[in-house]
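Worksheet: one structure, shown below.
Numbering (this note's numbering), first residue to last: 6 to 338.
Written as structure tokens, this is what we have:
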């Protein structure tokens, strides 16, 4: 069995090893179909995530098929599933409140425990969600990253009367644009990369600016920060309307904010981290299953597993949205 192996920052290789272990009574063995390379995967690859563990098998955006199951698992062999890659204990204070995304003992596949960029892997059935037959693989692999946006936008009410600015047009930014457009909002996209601004036109009539070119008078009901840099957070607060809401999806260590302005203008700032499972995954499926939901432009390229080095290099360059690794047998040389 082949799997990716990250010995340390920048040191990724494809290794052949033993077959994935047989599942225990409440586990399943998954044969991987697609794996998406996420920003956190690149953070681990570059050595920029302090709590990452090495060596490690990377990967957490995972679509596969159940090929073997334990006796207590009801899902049939042959079912396509997506993986919830963040563990939760069900016992801590946050889990008891239903905030499994804030579990005090959470671990994340591909970050501080082995991930799923392998031809087969075994995992608890607690963390799998069946994929409807009518949802193509190329959409199904987006369920996990899209759930991040579905969860984040629950902090705000977006309708046809809402003006929305999205700062950062990488994967999560494009997914936010896709959902906001589907909900009828008037959308402005902001990014330093003009090629990405060109890409977002695929989602409809989108106003675009670089950060420096946003007009001084431009203000928005909702601002979604998906760039993950301090300047984007600061600009989000600058361009939101009085009484408006800022949703922070990106991860940056700190930013300087005008507290007096935030207080006087009753600006609400919502931090949003990952999602609650299975609810946010199920809602993602509800959107993705509709053919009129525009999402296909999010995937920049599907790369065969044996070209993993090129896939990582392209994803790490940050010049496009989602890079998918293809684990299907017919993609092998």
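We put the CB at the ideal spot given by N, CA and C, even for glycine.
Task: Under 8 Å between C-beta atoms of residue 303 and residue 176 - done: Indexing the chain shown from 1 puts residue 303 at position 298. Indexing the chain shown from 1 puts residue 176 at position 171. In this structure, residue 176 lies closer than 8 Å to residue 303 by Cβ.
Open item on the list: Using only CA atoms, which one of 289, 173, 212, 310 lies nearest to residue 325?
Closed with: Residue 325 sits at position 320 when you count from the first residue of the chain shown. That would be 173, whose Cα lies nearest to the Cα of residue 325.
- [ ] With DSSP as the reference, please indicate the residues paired to residue 289 in a beta bridge.
- [x] Numbered from 1 along the chain shown, position 284 holds the residue referred to as residue 289. Per the DSSP secondary-structure output, residue 289 pairs with nothing in a beta bridge.
Open item on the list: Just to confirm, is the Cβ distance from residue 167 to residue 227 under 8 Å?
Closed with: Here residue 167 is taken as the residue at index 162 of the chain shown, counted from 1. Here residue 227 is taken as the residue at index 222 of the chain shown, counted from 1. Yes; because the gap between Cβ atoms is below 8 Å, this pair is in contact.
TODO: Please determine, among 267, 239, 261, 125, the residue with the shortest C-alpha to C-alpha distance to residue 8.
DONE: Taking the first residue of the chain shown as position 1, residue 8 is located at position 3. The shortest Cα separation from residue 8 among 267, 239, 261, 125 belongs to 125.
Task: Residues sharing a beta bridge with residue 75, DSSP - done: Start at 1 with the first residue of the chain shown, and residue 75 comes out as number 70. Residue 75 is not bridged to any residue.
Task: Own chain residues within Cβ distance below 6 Å of residue 205, not counting five before or after - done: Position 200 of the chain shown holds residue 205. Scanning its chain for C-beta atoms nearer than 6 Å, with the 5 sequence neighbours on each side dropped, one finds around residue 205 the residues 174, 182, 194, 211, in chain order.
Open item on the list: Which of the three DSSP states is assigned to residue 158 in this structure?
Closed with: Translated into positions along the chain shown, residue 158 becomes position 153. Looking at residue 158 - three-state DSSP - the assignment turns out to be helix.
- [ ] Can you give me the start and stop residues for the beta strand (DSSP E) that residue 20 sits inside?
- [x] Taking the chain shown and counting its residues from 1, the one referred to as residue 20 is at position 15. Per DSSP, the continuous beta strand (DSSP E) segment holding residue 20 begins and ends at 16–21.
TODO: Tell me residue 126's beta-bridge partners as DSSP assigns them.
DONE: What you label residue 126 is simply residue 121 of the chain shown in a count that begins at 1. 35.
Task: Under 8 Å between C-beta atoms of residue 122 and residue 64 - done: As a first step, residue 122 must be located in the chain shown, where it is residue number 117. As a first step, residue 64 must be located in the chain shown, where it is residue number 59. The criterion of a C-beta distance shorter than 8 Å is satisfied by residue 122 and residue 64.
TODO: Please look up how many angstroms separate the CB atoms of residue 43 and residue 66, rounded, as I've assumed it's under 8 Å.
DONE: What you label residue 43 is simply residue 38 of the chain shown in a count that begins at 1. What you label residue 66 is simply residue 61 of the chain shown in a count that begins at 1. With 8 Å as the limit, residue 43 and residue 66 qualify as a contact, their Cβ atoms being about 5 Å apart.
TODO: Indicate the three-state DSSP secondary structure (helix, strand or coil) for residue 105 in the structure shown.
DONE: Here the question's residue 105 lines up with position 100 in the chain shown. If DSSP states are grouped into helix, strand and coil, residue 105 belongs with the helices.
Open item on the list: Ignoring anything shorter than 4 residues, give me the alpha helix (DSSP H) runs that lie fully in the stretch 198–238, in order along the chain.
Closed with: Counting whole runs of 4 or more residues, the stretch 198–238 contains the alpha helix (DSSP H) stretches 199–204.
Task: residue 269, buried or exposed, once every other Cβ within 10 Å from all chains shown has been counted against 16 - done: As a first step, residue 269 must be located in the chain shown, where it is residue number 264. Around the CB of residue 269, fewer than 16 other CB atoms lie within 10 Å, so the residue is classed as exposed.
Task: Residue interval of the beta strand (DSSP E) (run including residue 258) - done: Indexing the chain shown from 1 puts residue 258 at position 253. Element bounds for residue 258: n/a, residue is neither H nor E.
Task: Residue environment, residue 62, which counts as buried when at least 16 other CB atoms sit within 10 Å - done: Walking along the chain shown from the start, residue 62 turns up at place 57. Counting every other CB atom within 10 Å of its CB across the protein chains shown gives residue 62 a total of 16 or more, marking it as buried.
Task: For residue 333 and residue 38, believed in contact at Cβ under 8 Å, the rounded distance - done: Translated into the one-based positions of the chain shown, residue 38 becomes position 33. Translated into the one-based positions of the chain shown, residue 333 becomes position 328. About 6 Å separates the two Cβ atoms, so the contact holds.
Task: Cβ-based burial, residue 26 [other Cβ within 10 Å; buried from 16] - done: As a position in the chain shown, residue 26 is number 21, starting the count at 1. Burial call: exposed.
Task: Where residue 10 falls: helix, strand or coil (DSSP) - done: Within the chain shown, the letter at position 5 stands for residue 10. In this structure, residue 10 counts as strand in the three-state DSSP scheme.
Open item on the list: Nearest by alpha-carbon distance to residue 217: which of 196, 20, 159, 235 is it?
Closed with: Translated into positions along the chain shown, residue 217 becomes position 212. It is 196.
- [ ] Check each candidate in 276, 199, 78, 154 and name the one with the smallest Cα separation from residue 186.
- [x] Locating residue 186 in the chain shown gives position 181, where the first residue counts as 1. Residue 154 is the option with its Cα nearest to residue 186.
Task: Separation of residue 142 from residue 77, as counted between CA atoms - done: Along the chain shown, one-based indexing puts residue 77 at 72. Along the chain shown, one-based indexing puts residue 142 at 137. Per the coordinates, the alpha-carbon of residue 77 lies some 27 Å from the alpha-carbon of residue 142.
Open item on the list: For residue 230, count the other beta carbons within 10 Å of its own beta carbon; 16 or more makes it buried, fewer makes it exposed. Which is it?
Closed with: Numbered from 1 along the chain shown, position 225 holds the residue referred to as residue 230. Burial call: buried.
Open item on the list: I'd like to check one pair, residue 128 with residue 29: are the Cβ atoms closer than 8 Å?
Closed with: Taking the chain shown and counting its residues from 1, one reaches residue 29 at position 24. Taking the chain shown and counting its residues from 1, one reaches residue 128 at position 123. With respect to residue 128, residue 29 sits apart: the two C-beta atoms are not nearer than 8 Å.
Task: Limits of the unbroken alpha helix (DSSP H) element including residue 115 - done: Locating residue 115 in the chain shown gives position 110, counting from the first residue. For residue 115, there is no enclosing alpha helix (DSSP H), as DSSP marks it with neither H nor E.
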